[in-house]
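Participant: Mind looking over this structure? Questions follow.
In our numbering, the protein residues as written are 14 to 169.
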């Protein structure tokens with residue numbers, strides 16, 4: 014399976030099954046979204062391109078803001094005179110549902126613009142999912158990052 018798949022393969026079926034909500038994983042990565050994983054990926058790709066962005070540019074921006082937030086060591090910080098950001102780290106690590114090697118820290122980033130009520134929330138794994146898979150999570154997932162919201166909050 015390539016970096017950004019173009020059809021729903023048996024491998025992608027397995028990834029999708031791991032992403033669905035379950036008793037052990039209440040929201041899953043797909044939330045209440047009933048679309049197939051390939052449909053979610055394709056829609057995200059189209060939105061990102063229409064906005065003139067790339068998955069890599071978005072992931073790089075989230076990485077940059079994550080590093081800035083972590084400089085506060087759990088305290089809220091003001092970044093770039095327009096973002097109020099807090100990084101919270103929980104114990105443990107979480108794997109990529111695509112079965113990539115390695116584990117991702119449970120870092121929760123909460124960002125709010127100072128000039129609006131616009132807010133984004135993400136994790137270290139969210140950045141990986143965007144960069145490596147073009148995946149922004151399904152509708153209703155607590156860590157869903159809508160490409161339009163990302164564009165409005167981080168690139169304007």
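Even glycine gets a Cβ: it sits at the ideal position worked out from N, Cα and C.
1) Taking buried to mean at least 16 other C-beta atoms within 10 Å of its own C-beta, is residue 113 buried or exposed?
2) Whole angstroms are fine: how far does the CA of residue 127 sit from the CA of residue 141?
3) Assign residue 101 to one of two classes, buried (16 or more other C-beta atoms within 10 Å of its C-beta) or exposed (fewer than that).
4) Within its chain, find whatever has a CB closer than 8 Å to the CB of residue 151; leave out the 5 residues flanking it on each side and keep chain order.
5) For residue 121 and residue 21, what's the separation of their Cα atoms in angstroms?
6) Taking the straight line between their C-alpha atoms, what separation do you get for residue 70 and residue 107?
7) What residues in its chain sit with their C-beta under 8 Å from that of residue 57, if we drop five residues either side in the sequence?
8) For residue 78 and residue 110, what's the separation of their Cα atoms in angstroms?
9) Taking its Cβ as the centre, do 16 or more other Cβ atoms sit within 10 Å of residue 19, making it buried, or is it exposed?
10) For residue 88, which option in 138, 166, 137, 123 has the closest C-alpha, if you only look at C-alpha atoms?
11) From residue 166 to residue 50, what distance separates their C-alpha atoms?
12) Helix, strand or coil for residue 57, going by three-state DSSP, please let me know.
13) What residue from 133, 169, 163 has the CA that sits closest to residue 187's CA?
Facilitator: By the coordinates alone:
1) Your numbering for residue 113 matches position 100 in the chain shown. It is exposed - the Cβ of residue 113 has fewer than 16 other Cβ atoms within 10 Å.
2) As a working mapping, residue 141 is identified with position 128 in the chain shown. As a working mapping, residue 127 is identified with position 114 in the chain shown. Answer to the nearest angstrom: the Cα atoms are 27 Å apart.
3) Counting from one through the chain shown, the residue named residue 101 turns up at place 88. Answer is exposed; the Cβ neighbour count stays below 16.
4) Numbered from 1 along the chain shown, position 138 holds the residue referred to as residue 151. Answer for residue 151: 32, 41, 42, 43, 44, 45, 46, 48, 53, 157, listed in chain order.
5) In the chain shown, counting from the first residue as 1, residue 121 sits at position 108. In the chain shown, counting from the first residue as 1, residue 21 sits at position 8. Approximately 30 Å between the Cα atoms of the pair.
6) Taking the first residue of the chain shown as 1, we reach residue 70 at position 57. Taking the first residue of the chain shown as 1, we reach residue 107 at position 94. Each residue's Cα considered, the two are about 23 Å apart.
7) Counting from 1 along the chain shown, the entry for residue 57 is found at position 44. Cβ within range, chain order: 147, 148, 149, 160.
8) By 1-based counting over the chain shown, the position of residue 78 is 65. By 1-based counting over the chain shown, the position of residue 110 is 97. Cα-Cα distance, rounded: 24 Å.
9) The sequence position of residue 19 within the chain shown is 6, counting from 1. Around the Cβ of residue 19, a 10 Å sphere holds fewer than 16 other Cβ atoms; the residue is exposed.
10) Start at 1 with the first residue of the chain shown, and residue 88 comes out as number 75. Closest option to residue 88, Cα to Cα, is 123.
11) Along the chain shown, one-based indexing puts residue 166 at 153. Along the chain shown, one-based indexing puts residue 50 at 37. About 26 Å.
12) Start at 1 with the first residue of the chain shown, and residue 57 comes out as number 44. Residue 57: helix per DSSP, three-state reduction.
13) Look at the range of the chain in this structure, 14 to 169, and you will see that residue 187 is not part of it.
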